[in-house]
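The structure appears right after this line, and notes come after that.
In our numbering, the protein residues as written are 594 to 721.
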């Protein structure tokens with residue numbers, strides 16, 4: 594079943610957003626990055642040690658806006674393919690999440706998402 598995450602216009606160009614989705618057996622965090630009309634989505638989990646990526650809520654990109662930044666160890670990932678180009682997990686990739694853009698909405702198939710956290714468990718908190 595497809596779940597609407599947001600309207601495309603809710604994510605500014607060269608911006609990002611994070612989402613937590615309830616799955617059949619827990620919860621899954623994912624992130625979406627917008628570059629013009631292109632949208633890229635990955636699990637919100639660093640391949641190095643599995644921690645969430647964002648610096649602050651909905652902030653996944655470095656200052657240049659060119660790379661996804663892991664807030665734990667500073668790894669940098671290419672937006673277009675999730676490849677780590679700097680940091681402790683060079684040549685590893687973020688796990689892509691298939692999304693669909695239709696009627697100006699961003700959709701994900703809930704049944705295809707893996708569980709990252711147990712049921713009712715909150716994702717790790719970020720300090721403001």
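Where is the CB? At the ideal position from N, CA and C, for every residue including glycine.
{"query": "Simplified DSSP state of residue 704, which is helix, strand or coil", "result": "helix"}
{"query": "CB contact flag (residue 685, residue 633, <8 Å)", "result": "no"}
{"query": "Pick from 655, 663, 648, 608 that is closest to residue 629, judged by C-alpha positions", "result": "608"}
{"query": "Residues bridged to residue 626 [DSSP beta-bridge criterion]", "result": "609, 633"}
{"query": "Where residue 646 sits in the DSSP three-state scheme", "result": "coil"}
{"query": "The ligand MG heavy atom lying under 7 Å from the CB of residue 629", "result": "The ligand MG is absent from the structure shown, which contains no ligand whatsoever."}
{"query": "Simplified DSSP assignment, three categories, for residue 600", "result": "strand"}
{"query": "Assigned secondary structure, residue 689 (DSSP; H/G/I helix, E/B strand, else coil)", "result": "strand"}
{"query": "Per DSSP, cross-strand counterpart(s) of residue 615", "result": "620"}
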